[in-house]
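Asks: Take a look at this one; I'll ask things after.
Residue numbers (the UniProt record's numbering): 1 to 1248.
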């Protein structure tokens, strides 16, 4: 039969014609074999070999046999399916004969193989354990063929793909094909690995092998998870990166390494090599797979790989094709950087990381800055100081990105700004970084700002460049800044202002450009501060820059400040503090002239702030230059109601008083024509003038002021300095106040205004000196009536009334003695008892005797001045009147003599005797003129003497005021506020030790344990307690609260004594008062609502430091209730802390609090809560100019506190000077803050 098969024709037409006979003959021959009962197994092998020989012979003649021949093959093999089957090894040998042929890739050979598979079930029979070699041999035969897509048509490819991926190899679990069983695959893992290795490497050119790879991967995805021979793993790592690359091969390897950490550990040193080879052939995605799915997945298991991996990337990145470098950063470097940033790495690797960052940036692609920024931000990792020299390269690498053209506002290159910002922040704590970055940063700034010496271009760079520039400005070492650097940057600003009209950049670039140059202007201002003394050339450039900016619009279309206005403002406000001589100041005269023109002529009122800032600083340092502009300042104040120069005008008065005097009428006429700030400001100027020359004030001016006061409906706090000035005038010219007593009394009685009373007191004492006993009686009667008022007089005014009575008594004691009975009604007041001792001639304490002696001396000096001034004024008036009459007479005679002289001249020509008459007439006129000149000289001399007397009288007045304050200070220390009628008796009872003695009373009042402990050490503790209570409360409230609290603690016996004493004095204690009975905090916080959060935080810290604070937190309502609470809080406080922001001086409530604090003599500590000029503008300026402020803001800090730590310590020190802290309140944070630290003591500091 085998011979018959080999002899069959290969001619298709003939074979088809003979097929019926051929079919019968094949059956006959096969039956004969069976009948002979020979070894059919061998026969079948021979038949199959013959069939394969025919197939091979057929394949050489035809590309594809006819259908009948396929049927022929099928029937022959089908005949052989009966048992016994051919031996398995023979069947595999026959299969391999087909597989080993060179031209296997066709349908004819595939049909033969399929028949062997389907009919003889060759792959199912490979289950024998001895079949491993057979399977291996089959795979080896298969591996001889590439099945390349170009070798045959698509139909043939599809049939082969279908057979190999679904029949020979199948992913179906129910498949009985031994080749697809997982057990077989696991036993023969190396064989399958080799097959997969070949299939994967060939898959890039063969859809058939690609599908086989997919089938095998699905059937046994763990094929590369283990290697019986460890060297095979390295083989795969080497083979997988050989060109051409098989994605399937790499993907399967990657997945195996990802699943098997041990596999990764064994071959971790090879992975960087694989990645390197992939990168060099531009297989970025495959490199990413190895990095992300293997290294990063097992990062914690093999941290030793970091060093070789980064070293490899540093070596390889520059060699990667430039077209793929951006993808390299995006896919590979970015993944690694994120993992490194999130992982805890050995700090020894920090220098390597930094070098890696430099390599990344040097790639010069869009994605690089993000990667570099992320890695550089790794916290608490880098030794910044040691790395300082390398920052020069870092800055240079960042700056190199200025060649990128980016049109959008945001881009990936914004990460460059983050890098440089981080460098700037680290440089603040590591000065060597500044030294390393200075040159590179400065050179870049020169280029981008057009500040280079040979650069006249005004190019607008892209937005990311200007963003970098803002940070590079921070990297310029201020210690290396010179006047030349400052000069070049100023020129750049001016060039930018001049060239800004072009607008040749995009909107995004323009915005970033404006921001950059604004920061540049800020830095120029900083350099001005650092350099301090600038040469004239630089001042000239600053002038030119400011003038250029002022010529540009200061607002844009939307009404916001223009770019030019902003940068000029930033620089202008830095200039004034560093002008050290008149020559420097005068260089800015053109700017000042332009600013005044803008402010006044064009009504750009914001420029008044520019003028204010400049003159408020330079005017104080170099007043001679500012004095040349006094007329302008006064014009702004009086004509334009601009109070911006009020802090300076009083200072300049002594330099050039004449312009002030020339506009004195206008100043007084307009004093009440503005708001509170304006009234207070003009009042300050009025007080300044009257302090030096009260004699200049006329009766008409005084009448006008009082007429305005009569109609004034505002609060009286802003009138403080006006009343002070009027008091000075009253001291010198009391006769001008005779008709205005009622107005002063209204302010005293209705508003309890201490300043108004002081003015009245000056008038009463001075008029007593002038008018004698009659006026003394009137004055005393008036003062006693004030004391008797049912509405009550404030304690501050009450004290001054007794002092005024004593002063009048020194002038005219007889008049004072007649009022003795009236004063005895007020014997409970300590000041009144001192006055009665003076009247009775009783022996007084040394302090009181010394005070009275000083008062006598002051009154004597005052008496001389007032009397002499009165006499001198009368004398001057008489002389002037006499000279006016003489001059009038002279003018009349001159008019009459003009005609006579004409007649004489005419007649002299005809009658010479008339010449003698003319000469006699002229002599008479000369004599009269000489007399007039002498008398006028006398008047002038007298005026000079009057001025001298006035000056001395001013000195006396100042001494009187000083002594009065000293007496008041001594009184506060030595006198008790507790009424004498019951004080001693009550304190005696409460000092007796009981459960409800003075200690319980103090606790109920709210005093701390430490305060009670302090009073317990006093000789009379209960008197100290009650005195403190009365000092911090109004008398009526203090009395009511004391009696109420005594009743509550069961001391009705003591309360009864007080009630009886009060009733005996003709007064009653009300049953109820709207008054909270408790001690008031020693600290009052005055603030404007804009900084409430900061003040609330401050309150918390002060209380932790031992100081109870009072502040309005908006829970008390408004109106009179609020004002009464605030009034009580201020009066009860020892220290008032004014938290001043820009809105503080504009707040009526804040002004009211300040005036009340000043009037009641409280210690004031101003805090600057934000950057602002000092003293503040407006009505607050004159008052705050006398105080030293604490800068209490810190923009650089990120803490919850709003202030630098050393400033809070300074504040505590100032408070401690006036008030001791309560130890019971001090928290752990501020424990022992008031104890000096030994290492801070001056004498322990090193001397060198």
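Ideal placement from N, C-alpha and C gives every residue a C-beta, glycine not left out.
In whole angstroms, give me the CA-to-CA distance for residue 144 and residue 99.
Replies: Whole-angstrom Cα-Cα distance: 8 Å.
Asks: Residues in the same chain with beta-carbon distance under 8 Å from residue 1033, minus the five sequence neighbours each way, listed in chain order, please.
Replies: Here the set comprises 1041, 1080, 1128, 1131 and 1132.
Asks: Put residue 131 into one of helix, strand or coil per three-state DSSP.
Replies: Here residue 131 sits in helix by DSSP.
Asks: Could you give the uninterrupted runs of the alpha helix (DSSP H) lying entirely in the stretch 318-379, keeping only those of 4 residues or more?
Replies: With a minimum length of 4 residues, the continuous alpha helix (DSSP H) runs that stay inside the stretch 318-379 are 334-342, 350-362 and 368-376.
Asks: Touch check for the stretch 1179-1194 and the stretch 723-742: three-plus C-beta pairs under 8 Å?
Replies: The stretch 1179-1194 is not in contact with the stretch 723-742.
Asks: Just mark residue 1111 as buried or exposed, buried being the case when its beta carbon has 16 or more other beta carbons within 10 Å.
Replies: Residue 1111 should be labelled buried.
Asks: Check whether the Cβ atoms of residue 442 and residue 485 sit closer than 9 Å, and answer yes or no.
Replies: A contact, by the Cβ cut-off of 9 Å.
Asks: Using C-beta distances below 6 Å, list every residue in its chain close to residue 794, excluding the 5 sequence neighbours before and after it, in chain order.
Replies: Only 752 meet the Cβ criterion.
Asks: Helix, strand or coil: which one does DSSP assign to residue 1084?
Replies: It is a strand residue.
Asks: Ignoring anything shorter than 3 residues or poking outside the stretch 1085-1164, list the beta strand (DSSP E) runs there in chain order.
Replies: Qualifying beta strand (DSSP E) stretches, in chain order: 1135-1140.
Asks: Below 8 Å on the Cβ atoms is my guess for residue 1276 versus residue 1029; work out the distance and round it to an integer in Å.
Replies: This structure cannot speak to residue 1276, because the chain is shown only from 1 to 1248.
Asks: Measure the alpha-carbon distance for residue 27 versus residue 120 and round it to whole angstroms.
Replies: Spanning the two alpha carbons is a distance of roughly 18 Å.
Asks: For residue 1170, which residues of its own chain have a beta-carbon under 6 Å away from its beta-carbon, when the five flanking residues on both sides are left out?
Replies: Closer than 6 Å at the Cβ level, and outside the excluded window around residue 1170, lie 1141 and 1193.
Asks: Going straight from the alpha carbon of residue 293 to that of residue 254, what length do you get?
Replies: About 7 Å.
Asks: Quick check: what's the CA-CA separation for residue 1003 versus residue 826?
Replies: Each residue's alpha carbon lies about 32 Å from the other.
Asks: Express the C-alpha separation of residue 803 and residue 840 in angstroms, rounding to a whole number.
Replies: The straight-line gap from Cα to Cα measures roughly 16 Å.
Asks: Determine contact between the stretch 1152-1161 and the stretch 618-636, defined as no fewer than three beta-carbon pairs at a distance below 8 Å.
Replies: The stretch 1152-1161, when compared against the stretch 618-636, does not touch it at the 8 Å Cβ threshold.
Asks: Closest to residue 233 by CA distance: which of 418, 260 and 54 is it?
Replies: It is 260 whose Cα lies nearest to the Cα of residue 233.
Asks: When the Cα atoms are used, what is the spatial distance from residue 1016 to residue 832?
Replies: Their Cα atoms are separated by approximately 30 Å.
Asks: Our contact map puts residue 341 next to residue 291 with C-beta atoms below 8 Å; I'd like the distance itself, whole angstroms only.
Replies: Residue 341 to residue 291, Cβ: 15 Å. No contact.
Asks: Would DSSP call residue 1204 helix, strand or coil?
Replies: Three-state result, residue 1204: coil.
Asks: Considering only residues of the stretch 81-119, which uninterrupted beta strand (DSSP E) runs meet the minimum length of 3 residues and lie entirely inside it, listed in chain order?
Replies: Runs found: none.
Asks: Helix, strand or coil for residue 555? Go by DSSP, reduced to three states.
Replies: It is a strand residue.
Asks: Roughly how many angstroms separate the alpha carbons of residue 808 and residue 712, rounded to a whole number?
Replies: Their Cα atoms are separated by approximately 31 Å.
Asks: Alpha carbon to alpha carbon, what distance is there between residue 278 and residue 167?
Replies: Using only the alpha carbons, I get a separation of about 35 Å.
Asks: With a CB to CB cut of under 7 Å and the five nearest residues on each side skipped, what residues in its chain are close to residue 209?
Replies: Closer than 7 Å at the Cβ level, and outside the excluded window around residue 209, lie 147, 199, 202 and 203.
Asks: Counting beta carbon pairs with one atom in the stretch 1220-1232 and one in the stretch 1137-1151, are three or more of them shorter than 8 Å?
Replies: Counting Cβ pairs under 8 Å, fewer than three are found: no touch.
Asks: Could you tell me the distance, in whole angstroms, from the CA atom of residue 974 to the CA atom of residue 1010?
Replies: Residue placement at residue 974 cannot be trusted, given a pLDDT of 39 that sits under 50; what the coordinates show is reported in the next sentence. Straight-line Cα distance between these residues: approximately 23 Å.
Asks: Just list the alpha helix (DSSP H) runs in the stretch 774-832, keeping only unbroken ones of 4 residues or longer that don't cross its boundaries, in chain order.
Replies: Runs of the alpha helix (DSSP H) inside the stretch 774-832: 795-811, 813-817 and 820-824.
Asks: Per the DSSP calculation, residue 1190 is bridged to which residue(s)?
Replies: Residue 1190 is bridged to 1167.
Asks: Counting C-beta neighbours from all protein chains within 10 Å, is the total for residue 469 16 or more, i.e. buried, or is it exposed?
Replies: Counting Cβ neighbours within 10 Å, residue 469 comes out buried, since at least 16 surround it.
Asks: Just how far apart, CA to CA, sit residue 399 and residue 466?
Replies: Residue 399 and residue 466: Cα-Cα distance of roughly 11 Å.
Asks: Nearest to residue 1217 by CA position, among 1134, 1232, 114 and 478, is which residue?
Replies: Measuring from the Cα of residue 1217, the nearest candidate turns out to be 1134.
Asks: Are residue 576 and residue 617 close, meaning C-beta to C-beta below 9 Å?
Replies: Closer than 9 Å, so yes.
Asks: Considering only DSSP beta bridges, list what residue 233 is partnered with.
Replies: Paired residue(s): none; residue 233 is not in a bridge.
Asks: With a CB to CB cut of under 7 Å and the five nearest residues on each side skipped, what residues in its chain are close to residue 354?
Replies: Only 382, 387 and 390 meet the Cβ criterion.
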